[in-house]
Amino acid sequence: MDNLQIENYERHSILGLILSVIVILGVGFIWINEASRMDSTESEYIFESELRGNILYLENCTSCHGPRGEGGAGPVLNNLYFLEEASDEALFATINTGRPGTSMPAWGQISGGIFTDEDIQDIVNFVRKWEETASFVEEDIFEPNASRGASIYLSTCFICHEGATAVRLNNQEKILSRDEDWYRQTIINGRPAKGMPSWGKALSTHQVEDLMALISAWGEGQQIAPDTSVLEILMSALFALSQKDSEDAIFYLERAEKIAFGPTKQQIPLIILQLNNNSLDEAYASLIQVKDLWPIGDAERGVEIYSATCLSCHGAEGEGGVGPKLTMNDFIQTSTNSSLLTFLLAGSPDTPMRGFDERLSEFQLADVIAFLRTWQTTTP
Ligand code: HEC
Ligand code: HEC
Ligand code: HEC
111 MDNLQIENYE RHSILGLILS VIVILGVGFI WINEASRMDS TESEYIFESE
161 LRGNILYLEN CTSCHGPRGE GGAGPVLNNL YFLEEASDEA LFATINTGRP
211 GTSMPAWGQI SGGIFTDEDI QDIVNFVRKW EETASFVEED IFEPNASRGA
261 SIYLSTCFIC HEGATAVRLN NQEKILSRDE DWYRQTIING RPAKGMPSWG
311 KALSTHQVED LMALISAWGE GQQIAPDTSV LEILMSALFA LSQKDSEDAI
361 FYLERAEKIA FGPTKQQIPL IILQLNNNSL DEAYASLIQV KDLWPIGDAE
411 RGVEIYSATC LSCHGAEGEG GVGPKLTMND FIQTSTNSSL LTFLLAGSPD
461 TPMRGFDERL SEFQLADVIA FLRTWQTTTP
């Protein structure tokens, strides 16, 4: 019995000693690691705060500043110029009190908004994180444009809203009776239960604002012509004809004629004539042909544009370089002018072949295409 107790005490004291050593080592370890340990709780805290900020941002700010801070009705926030200038305190203050006299709301509870100081700090931390990757964006020159809105409308909304599926949106009385933001939110969030898709992800903030500009112009009773390429308008005419709607087809053809060039400009009135004579099938066939030949350019003018724009990658003789060889090229030979035009406007994603949409007009691209055709018949 006694022996056992002694043994037990010894066991206890050995255990005690081991524990003390562990504690001492542990304290030493903690002491040595104190600095980095504090760093990691700090960064964990920031990480969680950014995450909360991210959610608040997505729920409350994207409709005006875009999901990635790319701007829209509100300025670009994901911009190095801006983020370097604005201190955390300045960001906090702007979000807290808003910008009176503009559409930037006051978000802080102190100013009648919904956010606590902690919420706002979370958003500031989230926005601040963009600074690591932000680029310099030129002063935001985005101006909502009703004509651009009309082309988005034509390509995306028309199919339901001018057909039997949904109400006509061009309704002045209705537009005037509603809050502008009601339309913005309806477009962004849709009405899934009624068959209206949500466009918040498919359209950029800028595109939504272009649509808003269109809707307010309609509210003022204006008729807005879409700012679209000839090709897109010809496609709309073709679509209308496929629905046997010659009235709409004529509407598009008249628009296409105004902005078309080359022989196409003379061919379009002939199609309109066929439609007026009720020869729908003939008109359809002619329209397909006109669309496939579109655009007809001038090879001589094309040489200069090629040298200035394409030569650096495709070579002076079209022999290739960064880009493939363009002489006796299968892709060119098997493509219509209009599909080449579409390709050149859009470019080839994730390659150095960027789209020329904003850099060359259809008129100039037509000339380049005509020039590329001269390389398809003779081996250089
Ligand atoms: C209804 C549209 C709208 C919403 C929603 C909105 N903003 Fe703004 N915001 C604006 C406008 C417009 C401005 C520019 C005000 C001005 O001209 O000074 C702005 C300015 C700002 C600025 C200052 C930018 C600068 O260049 O000085 C910050 C920061 C900002 N908003 C953050 C936010 C955050 C964060 C949210 C969400 C909590 C938010 N905004 C929600 C419209 C909005
Ligand atoms: C797939 C069909 C479809 C497409 C495409 C579509 N909508 Fe809708 N839209 C609907 C339906 C269905 C409704 C709800 C029923 C109704 O009010 O007619 C609706 C309702 C709306 C409303 C509310 C109209 C009102 O007065 O109640 C707006 C605004 C709207 N859509 C805008 C757009 C815009 C802008 C686009 C293009 C970006 C678009 N829609 C594309 C089907 C569509
Ligand atoms: C910065 C370099 C660069 C410039 C400038 C450039 N391209 Fe390209 N191009 C490429 C690359 C790279 C490809 C291959 C893309 C791919 O792999 O999808 C390509 C592909 C093409 C193709 C498809 C060829 C095939 O066989 O698939 C055509 C046609 C073409 N370019 C025409 C042009 C024209 C016309 C211009 C001037 C208006 C031009 N490119 C300017 C780099 C360039």
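Here my numbering is used: the first residue of the sequence shown is 111, the next is one more, and so on.
Just so you know, even glycine gets a beta-carbon here, dropped at the ideal spot from N, CA and C.
Fair warning: this is a prediction, and the values are worked out from it, not measured in the lab.
Straight-line gap, residue i to residue j (C-alpha atoms, nearest Å)
{"i": "D402", "j": "L451", "result": "11 angstroms"}
{"i": "D227", "j": "Q333", "result": "47 angstroms"}
{"i": "F236", "j": "T212", "result": "23 angstroms"}
{"i": "E392", "j": "L351", "result": "11 angstroms"}
{"i": "H175", "j": "I325", "result": "20 angstroms"}
{"i": "S445", "j": "W328", "result": "39 angstroms"}
{"i": "R278", "j": "K368", "result": "26 angstroms"}
{"i": "P210", "j": "G433", "result": "52 angstroms"}
{"i": "A359", "j": "S448", "result": "19 angstroms"}
{"i": "G310", "j": "M438", "result": "44 angstroms"}
{"i": "G181", "j": "S197", "result": "19 angstroms"}
{"i": "L390", "j": "I406", "result": "25 angstroms"}
{"i": "Q282", "j": "E330", "result": "7 angstroms"}
{"i": "S221", "j": "Q231", "result": "15 angstroms"}
{"i": "F361", "j": "G372", "result": "20 angstroms"}
{"i": "R464", "j": "F453", "result": "10 angstroms"}
{"i": "L383", "j": "L421", "result": "43 angstroms"}
{"i": "G163", "j": "A303", "result": "30 angstroms"}
{"i": "D320", "j": "Y263", "result": "9 angstroms"}
{"i": "A426", "j": "S417", "result": "7 angstroms"}
{"i": "G138", "j": "F157", "result": "With a pLDDT of 49 at G138, under the threshold of 50, the modelled position of that residue is not reliable, and the figure given next carries that caveat. Their Cα atoms are separated by approximately 28 angstroms."}
{"i": "T275", "j": "R301", "result": "13 angstroms"}
{"i": "D269", "j": "S173", "result": "First, the amino acid is wrong: residue 269 is Ile here, not Asp. Looking at the two C-alpha atoms, the distance is approximately 25 angstroms."}
{"i": "M77", "j": "D408", "result": "No answer is possible for residue 77: it lies beyond the span of the chain, which begins at 111 and ends at 490."}
Cβ-based burial, residue i [other Cβ within 10 Å; buried from 16]
{"i": "D229", "result": "buried"}
{"i": "Y155", "result": "exposed"}
{"i": "G273", "result": "exposed"}
{"i": "G428", "result": "buried"}
{"i": "W404", "result": "buried"}
{"i": "E117", "result": "Note that E117 scores a pLDDT of 49, beneath 50, so its modelled location is shaky and nothing firm can be said."}
{"i": "R258", "result": "buried"}
{"i": "N386", "result": "exposed"}
{"i": "G218", "result": "buried"}
{"i": "Q399", "result": "exposed"}
{"i": "E249", "result": "Any answer about E249 is weak, because its pLDDT of 49 lies below 50 and its placement is not dependable; what the coordinates show is given next. Looking at its Cβ environment, which holds fewer than 16 other Cβ atoms inside 10 Å, E249 is exposed."}
{"i": "I165", "result": "exposed"}
{"i": "G179", "result": "buried"}
{"i": "Q376", "result": "exposed"}
{"i": "G305", "result": "exposed"}
{"i": "I140", "result": "Low confidence applies here, because I140 scores a pLDDT of 49, under 50, leaving its location unreliable; read the following figure in that light. Its Cβ having fewer than 16 others within 10 Å, I140 is exposed."}
{"i": "A456", "result": "exposed"}
Residue i Cβ short of 7 angstroms to ligand 1 heavy atom set
{"i": "N281", "result": "no"}
{"i": "F246", "result": "no"}
{"i": "F202", "result": "no"}
{"i": "F466", "result": "no"}
{"i": "N235", "result": "no"}
{"i": "N206", "result": "no"}
{"i": "L193", "result": "no"}
{"i": "W240", "result": "no"}
{"i": "S173", "result": "yes"}
{"i": "Y263", "result": "no"}
{"i": "R209", "result": "yes"}
{"i": "G184", "result": "yes"}
{"i": "M214", "result": "yes"}
{"i": "N170", "result": "yes"}
Near ligand 3: residue i beta-carbon under 7 angstroms from a heavy atom
{"i": "M463", "result": "yes"}
{"i": "P434", "result": "yes"}
{"i": "V478", "result": "yes"}
{"i": "N447", "result": "no"}
{"i": "T437", "result": "no"}
{"i": "L451", "result": "no"}
{"i": "F441", "result": "yes"}
{"i": "T419", "result": "yes"}
{"i": "S339", "result": "no"}
{"i": "L482", "result": "yes"}
{"i": "H424", "result": "yes"}
Distance cut-off 7 angstroms: residue i Cβ against heavy atoms of ligand 5
{"i": "V400", "result": "With respect to ligand 5, the structure shown offers nothing to examine, as its ligands consist of ligand 1, ligand 2 and ligand 3."}
Pick out every residue whose C-beta is nearer than 6 angstroms to a heavy atom of ligand 2: which are they, in chain order? Output, sorted by chain position: T266, C267, I269, C270, H271, T275, A276, V277, L279, K284, Y293, T296, I297, R301, K304, G305, M306, P307, W309, L321.
Length at least 4, wholly inside the stretch 378-444: the alpha helix (DSSP H) runs in chain order: With a minimum length of 4 residues, the continuous alpha helix (DSSP H) runs that stay inside the stretch 378-444 are 390-403, 409-419, 421-424, 440-444.
Which runs of the alpha helix (DSSP H) spanning at least 4 residues fall entirely within the stretch 147-219, listed in chain order? You should have 172-175, 190-195, 198-207.
Alpha helix (DSSP H) segments (min. 4 residues) lying fully within the stretch 295-367: For the stretch 295-367, whole alpha helix (DSSP H) runs of length 4 or above, ordered along the chain, are 315-329, 340-352.
At 4 residues or longer, what runs of the alpha helix (DSSP H) sit wholly inside the stretch 221-302? You should have 227-239, 256-262, 268-271, 282-286, 290-299.
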